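In UniProt numbering, the protein residues as written are 1 to 151.
For each residue, glycine too, the CB sits at the ideal point set by N, CA and C.
Only a predicted model underlies this, so the values are computations on that prediction, with no experimental measurement involved.
Everything on this sheet refers to the single structure shown next.
The following block contains the structure:
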């Protein structure tokens, strides 16, 4: 199964989590693809059969700048071929921001809903005020994601 990993990162932490997820997925036998500067054409050329989105949150709950163009392209086109595909989201944020905690991840969950992507697991919320090793903290959730994707 081909899993596209979409990521948005300001300081690189979400990108590190995405790369770690890629290695875990590949070790489990999946073909995982990650490009932090991906365009919609790049994602479509990969022909994903599942999605994992990993994003931090900026400002007042927004997506990082590097993910905005891809997000906008997907929203504008809503690729019908992605309807019904499995997916999940890992959101990174800081709980001290209250209502906007993991707001970037929530935006991607909403986008997946509009696309008809089936949410395989509830969004993992990684809190920067509690975690210094988000890659490791994501591992139990990623193991469940791998299990959920296997036929």
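Point to revise | One or two residues paired with residue 32 in a DSSP bridge | key: In the chain shown, the residue the question calls residue 32 occupies position 32. In the DSSP output, where bridge partners are listed per residue, residue 32 has 3.
Check your understanding: Going by alpha carbons, who is nearest to residue 122 out of 103, 102, 88 and 40?
Key -> Translated into the one-based positions of the chain shown, residue 122 becomes position 122. Cα-wise, what sits closest to residue 122 is 88.
Check your understanding: From residue 37 to residue 81, what distance separates their C-alpha atoms?
Key -> Numbered from 1 along the chain shown, position 37 holds the residue referred to as residue 37. Numbered from 1 along the chain shown, position 81 holds the residue referred to as residue 81. Going by the C-alpha atoms only, they are around 22 Å apart.
**Study point:** With 16 other Cβ atoms within 10 Å as the buried cut-off, status of residue 124
**Key:** Position 124 of the chain shown holds residue 124. So residue 124 counts as buried.
Practice item. May I have a chain-ordered list of the beta strand (DSSP E) segments no shorter than 3 residues that lie completely inside the UniProt domain "Flavodoxin-like" (3-146)? Key: 31-34, 50-55, 86-93 and 124-127
**Study point:** Close beta carbons around residue 108, own chain, < 7 Å, minus the five adjacent residues each side
**Key:** In the chain shown, the residue the question calls residue 108 occupies position 108. Result list for residue 108: 53, 55 and 89, in chain order.
Practice item. Decide if residue 77 is buried, meaning its Cβ has at least 16 other Cβ atoms within 10 Å, or exposed. Key: For the purposes of this step, residue 77 is identified with residue 77 of the chain shown, where counting begins at 1. By the neighbour-count rule (16 or more Cβ atoms within 10 Å), residue 77 is not buried but exposed.
Point to revise | Short Cβ contact (7 Å threshold) for residue 102 with residue 116 | key: Within the chain shown, the letter at position 102 stands for residue 102. Within the chain shown, the letter at position 116 stands for residue 116. In this structure, residue 116 does not lie closer than 7 Å to residue 102 by Cβ.
Practice item. Keeping to the same chain, check which residues put their C-beta closer than 8 Å to that of residue 130; ignore five residues upstream and five downstream. Key: Residue numbering aside, residue 130 sits at position 130 when the chain shown is read from its first letter. The answer, listed in chain order, is 95.
Review point. Would you say residue 33 and residue 4 are within 7 Å of each other, going by their C-beta atoms?
Key: Locating residue 33 in the chain shown gives position 33, counting from the first residue. Locating residue 4 in the chain shown gives position 4, counting from the first residue. Cβ atoms of residue 33 and residue 4: closer than 7 Å.
**Study point:** Separation of residue 30 from residue 22, as counted between CA atoms
**Key:** Against the chain shown, residue 22 aligns to sequence position 22. Against the chain shown, residue 30 aligns to sequence position 30. Computed Cα separation, rounded: 9 Å.
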